[in-house]
Amino acid sequence: MALPDSEILQLLTSISRELVCLHETDGTYVYVSPNSKSIIGYEPEELIGKNPYDFFHPDDRRLIFERSHQPLLRGEENIHPTFRFLHKNGTYIWLQSDNRLTTHSITGKNYLHTSSRDISEKIESDANLALSERKFKTLFRDSPIGLVLTSTHGYIDDVNEAFAKFLGYETFELLGKHFSEISSTGELEENLRYRDSVQKGMIDHYSIEKQYVHKLGHLVWAYITVTVLRDDSGKAIYYLAQIIDIDERKKTETLLLENNEHLKATKNSLLIQNKQLQSYNQIISHHLRAPVSNLRSLLDLLKITGVEEERRELQNHLEEVTENLENVLSELITTLKIQSLENYRPEWISILLTFQKVQKLMEGEFQKKNVHIDLNVTEKELVFVSKEYLETLFLQLTSNSLQFADPSRELRIQVESFSIGSETTISFSDNGLGVDLSRYGDQIFQLKKTFHRQISGKGLGLFLMKYTMESLGGRVEVKSKPGEGATFLLHFPNGSAANA
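Quick note, the sequence shown lines up with residues 138 to 637 if you use my numbering.
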């Protein structure tokens with residue numbers, strides 16, 4: 138059966154989320170929908186005959202009258218006021234209403250029709266959002282650390298004064314710049330990689346130390362933490378970077394590192410000098426004491442002998458001992474000269490040209506022993522050292538290769554160079570007799586040590602080479618196997634490192 142219109146109206150208005158009312162033109166309630174209690178707390182009969190102005194918030198009454206009530210009576214349409222209404226529980230709630238003027242089809246009488254909904258939650262949410270935005274803007278503007286808001290494309294939308302001051306700009310000068318324009322290229326790739334990871338949701342934020350370019354052109358250090366701001370769908374819309382000035386700290390760290398390196402270099406130099414002094418003491422102890430004692434004994438014998446033949450024999454012995462003593466003194470003087478760097482003047486020297494000069498000096502020996510030289514260096518390959526020192530080292534190495542060549546095969550010498558970090562390394566290899574490093578490795582650079590009984594030698598060349606390299610702040614390594622030859626690696630410090 139079809140329901141009467143009154144029952145249909147009653148049913149629809151009771152389940153509606155909007156409060157539907159009919160008013161006299163002065164505002165008096167004529168009809169109130171049955172759902173009024175769930176929205177404003179009143180039963181419909183509690184409002185019939187009353188005027189809504191008695192329930193409006195005092196601060197809203199004038200606005201409602203001037204901007205809604207009067208315009209409706211003048212025939213204006215699309216009036217949607219928002220106002221506060223006194224709930225029965227004593228609190229004010231926010232309502233938004235759609236109002237219109239309607240005319241009774243039979244009597245021709247005018248009425249005001251309103252349809253209102255509770256928007257308190259939205260108003261509170263908007264208020265909280267506005268408050269949050271105000272707080273954010275206040276914190277952003279007044280923060281003592283730098284803050285930068287950039288778009289997902291990297292362009293600066295907003296900066297605070299702390300960051301602008303850090304880079305020597307006014308805030309307006311930074312707006313619209315791409316962050317790469319004020320970033321050092323050194324950390325730019327890492328920064329972009331992290332931003333991409335944040336945007337894709339792989340990480341929530343990232344923190345790095347990076348350098349910015351100051352307005353005056355110099356670099357300044359900062360510690361930055363970057364987070365992403367997303368919309369309700371999770372899409373990234375902004376990056377917020379927090380920047381802490383660590384420039385002074387980094388300068389202090391750099392200075393401390395430099396001082397530490399200088400102290401380490403000084404310590405190493407002192408250790409080397411101490412080691413050298415121990416070697417000198419050992420030399421004096423073992424190689425000077427015996428000849429001097431022998432000289433004293435021979436001189437004593439000369440004093441007491443009266444036989445001419447015995448005197449001549451003693452004189453011959455004296456000459457031999459004196460010559461031996463002169464050799465030892467010569468070795469000591471040579472070693473001491475190496476340690477005196479007062480006249481040492483390093484420069485960038487061509488490895489190729491220096492070796493070719495040594496090759497000419499040794500040309501006779503090379504031809505006599507049919508030596509094959511393989512130079513894997515170009516004229517542009519340089520090492521930071523004194524030309525005289527490099528020539529001496531090459532002479533020592535080639536002499537060593539010639540002395541300990543394997544007579545069963547053609548002697549081959551190979552020279553090449555390469556750079557690793559702050560060092561330039563010269564590799565000098567031969568296919569000579571080689572040395573058993575498992576047996577003699579700790580003695581290879583000691584003075585007066587020889588490793589081939591069938592070949593005479595003083596054991597001075599390798600000793601001098603090692604101490605030459607250490608005096609220059611470098612080092613020497615050897616790789617060798619019996620019957621396979623030897624490779625010497627001379628590691629030279631580059632530029633400023635060599636002068637430390």
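Positions of the beta carbon are idealized from the N, C-alpha and C atoms, including for glycine. Everything numeric in this text was worked out from a predicted model, so none of it was measured.
- The alpha-carbon of SER344 is positioned some 19 Å away from that of LEU356.
- Shown here, ASN236 sits in a strand according to DSSP, grouped into three states.
- VAL363 and ILE319 have their C-alpha atoms roughly 16 Å apart.
- Per DSSP, the unbroken beta strand (DSSP E) holding ASN513 starts and ends at 509–513.
- Between ASN631 and SER559, the C-beta gap is smaller than 8 Å, which places the two residues in contact.
- Of all alpha-carbon atoms in LEU249, SER487 and ILE340, the one lying nearest the alpha-carbon of VAL157 is that of LEU249.
- The beta carbon of SER234 sits closer than 6 Å to those of PRO218, THR251 and SER253, all from its chain and outside the five residues before and after it, given in chain order.
- The three-state secondary structure of GLY610, taken from DSSP, is coil.
- Approximately 4 Å separates the beta-carbon atoms of LEU548 and ALA542; this is inside 8 Å, confirming the contact.
- With a beta-carbon spacing of about 17 Å, TYR360 and ILE340 fall beyond the 8 Å limit used to define contacts.
- Apart from the 5 residues on each side of it in sequence, HIS315 sits with its Cβ closer than 6 Å to the Cβ of GLY291 and TYR292 in its chain, given in chain order.
- Here the C-alpha atom of ASP191 lies approximately 31 Å from the C-alpha atom of LEU268.
- For LEU527, same chain residues with a beta-carbon under 6 Å away, outside a window of 5 residues either side, are ILE486 and THR491 in chain order.
- For ARG198, the CB contacts under 8 Å within the same chain, skipping 5 residues up- and downstream, are TYR190 in chain order.
- In terms of Cα proximity to GLU398, the closest of LYS524, GLY610 and HIS509 is GLY610.
- Going by beta carbons, PHE193 and ILE185 fall outside the 8 Å limit.
- Taking a C-beta distance under 8 Å as the contact criterion, LEU232 and GLY305 do not qualify as a contact pair.
- Per DSSP, the continuous beta strand (DSSP E) segment holding ALA378 begins and ends at 373–382.
- Residue nearest to SER566 within the set THR162, LEU489, VAL615 and GLU516 is VAL615 (criterion: CA-CA distance).
- Where ASN247 is concerned, there is no enclosing alpha helix (DSSP H), although the beta strand (DSSP E) around it starts and stops at 247–255.
- Ranked by Cα distance from SER545, the first of ILE557, ASN568, GLN551 and ILE563 is ASN568.
- Rounded to whole angstroms, the Cβ separation of LEU432 and LEU451 is 11 Å, and the two are not in contact under 8 Å.
- Per the C-alpha coordinates, the member of GLU182, PHE521, THR442 and LEU498 positioned closest to VAL167 is GLU182.
- Taking VAL522 as the centre and dropping the five residues before and after it, the same chain places the C-beta of PRO483, ILE486, LEU609 and PHE629 closer than 7 Å to its C-beta, in chain order.
- For VAL495, the three-state secondary structure derived from DSSP is helix.
- With a cutoff of 8 Å on beta-carbon distance, VAL552 and LEU512 are scored as near each other.
- Within the stretch 311–362, the complete alpha helix (DSSP H) runs of at least 4 residues fall at 322–336.
- Shown here, LEU159 sits in a strand according to DSSP, grouped into three states.
- Here DSSP, grouped into helix, strand and coil, assigns ASP543 to coil.
- In the DSSP assignment, no residue is bridged to THR529.
- By a beta-carbon distance limit of 8 Å, THR624 contacts SER564. Their separation comes to about 6 Å.
- Between PHE273 and ILE380, the gap from beta carbon to beta carbon reaches 8 Å or more.
- Here PHE303 carries a helix assignment [DSSP, helix/strand/coil].
- Closest by C-alpha distance to ALA299, out of ILE230, VAL613 and ARG278, is ARG278.
- With respect to LEU532, VAL495 sits close: the two C-beta atoms are nearer than 8 Å.
- DSSP, read as helix, strand or coil, puts LYS616 in strand.
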